[in-house]
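Listed in order, the protein sequences are those of chains E and G.
To convert, take the position in the first sequence, counting from 1, and add 163; that gives my numbering.
To convert, take the position in the second sequence, counting from 1, and add 163; that gives my numbering.
There are 2 protein chains.
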Amino acid sequence: MDWQLSEERPIFQQLYEEMCRRILTGRYPPGSRMPSVRELAAEAGVNPNTMQRALQQLDGAGLTESTRADGRTVTADETLTRRLRQELAGGAARRFFCETAALGFSRAEAKELILREEDGHHE
Amino acid sequence: MDWQLSEERPIFQQLYEEMCRRILTGRYPPGSRMPSVRELAAEAGVNPNTMQRALQQLDGAGLTESTRADGRTVTADETLTRRLRQELAGGAARRFFCETAALGFSRAEAKELILREEDGHHE
DNA sequence: TTTGCTGTATTAGTACAATAATACAATAAC
DNA sequence: GTTATTGTATTATTGTACTAATACAGCAAA
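Put into structure tokens, the structure is as follows:
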């Protein structure tokens, strides 16, 4: 049900984002071990290298750590994950305001859009 | 001040979006004539071919019409432009909810984010 | 030691965006 | 009619991003 990969953007990037979300939402709990590169690659139906690239970005973000033959573990630092989750959500909000501003909507009008969109989510 | 082109996405696509916004926000008014391909290309600092590709997408969207040697004119159909502007804004809102949902935020929580973000826009 | 699992590095193939240089077509202005 | 300017089409080239195939390296358990 996951891994809805689009052709329009780099796959490794989408993989990174999905893995990121899985960690931040607790699907891969803090301190736990993650599935192996090849395992995840098979699950997502991509080349191991592509998945690896995504995982290395997780390392870079401090969300995971990898040791040579022992596998990869999720950070135990829950402060970090909570903060990052908030930051990503804040970024989404800022992006929304930016996009609507470019279309000539004031912040108040943009806020109205959100309220209206929230009412009817028919799908 | 415009034409903030990023390397991360196709240039012709960004050009299209910017031109689109210029029309929807009235910078190129309904029924008016647009600058020529070469002129716009020079202004944006890109190859004429690249700009042309963007402009042809405008044609495809029904926002502009081009006649051979007479130039390109913005559609006079203000209903279309108003509707498209609303649609784009609605899309931004939906995207916001989608992104926050992927991070485990409920719609109510997402709405809270917007309100809080709206207060402190310190930049 | 051997086997099998980790993560990692290197290489090459493929696709495509962007540019550039032209040439062409059609209309308007003179 | 000539000239200038418009949009359009074509072709080649360059650079680069993405992916895949493959080989390598390190550790653990049998």
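Don't be surprised by glycine CBs; every beta carbon is placed ideally from N, CA and C.
Between residue i and residue j, which are expected to be in contact by the criterion C-beta below 8 Å, what is the C-beta distance as a whole number of angstroms?
i              : j              : result
A252 (chain E) : L276 (chain G) : 6 Å
L243 (chain E) : A207 (chain E) : The pair is not a contact, with the Cβ atoms about 24 Å apart (cut-off 8 Å).
T236 (chain E) : T227 (chain E) : 7 Å
E130 (chain E) : D165 (chain E) : Missing from the structure shown is residue 130 (chain E); chain E here goes from 164 to 286 and no further.
Express the C-alpha separation of residue j and residue i in angstroms, rounding to a whole number.
i              : j              : result
T238 (chain E) : G225 (chain E) : 7 Å
E241 (chain G) : L278 (chain G) : 31 Å
S122 (chain E) : R185 (chain G) : Because chain E spans 164 through 286 in this model, residue 122 (chain E) falls outside it and cannot be assessed.
L221 (chain E) : F259 (chain G) : 23 Å
A265 (chain G) : E272 (chain G) : 13 Å
R270 (chain E) : P173 (chain G) : 29 Å
E280 (chain G) : C261 (chain G) : 17 Å
R248 (chain G) : R196 (chain E) : 46 Å
R245 (chain E) : R257 (chain E) : 18 Å
L234 (chain G) : F268 (chain E) : The residue asked about is misnamed: residue 234 (chain G) is Gly in this sequence, not Leu. Going by the C-alpha atoms only, they are around 30 Å apart.
L255 (chain E) : Q215 (chain G) : Just to set this straight, residue 255 (chain E) is Ala in the shown sequence, not Leu. Using only the alpha carbons, I get a separation of about 32 Å.
F175 (chain G) : G189 (chain G) : 21 Å
Would you mind sorting residue i into buried or exposed? The rule is 16 or more other CB atoms within 10 Å of its CB.
i              : result
E170 (chain E) : exposed
C183 (chain E) : buried
E202 (chain E) : exposed
A232 (chain E) : exposed
A204 (chain G) : buried
T230 (chain G) : exposed
H285 (chain G) : Interpretation of H285 (chain G) is limited by its pLDDT of 46, a score under 50 that renders its predicted location unreliable; the figure taken from the coordinates is listed afterwards. Classification of H285 (chain G): exposed, given that the 10 Å Cβ count is below 16.
Considering only DSSP beta bridges, list what residue i is partnered with.
i              : result
E228 (chain G) : G:T236
R196 (chain G) : G:T236
Exercise. According to a CB-to-CB cut-off of less than 9 Å, which residues of the segment 263-278 of chain E neighbour chain G?
Worked result: Taken in chain order, the members of the segment 263-278 of chain E whose beta-carbon sits within less than 9 Å of a beta-carbon on chain G are T263, A265, L266, G267, F268, R270, A271, E272, A273, K274, L276, I277 and L278.
Exercise. Which residues, in chain order, does the segment 238-254 of chain E contribute to contact with chain G at a C-beta distance below 7 Å?
Worked result: From the segment 238-254 of chain E, only R248, L251, A252 and G253 have a Cβ closer than 7 Å to chain G.
Problem set entry | Contact set between the segment 200-217 of chain G and chain E, restricted to residues whose Cβ is under 9 Å from the partner | Flagged: no residues at all.
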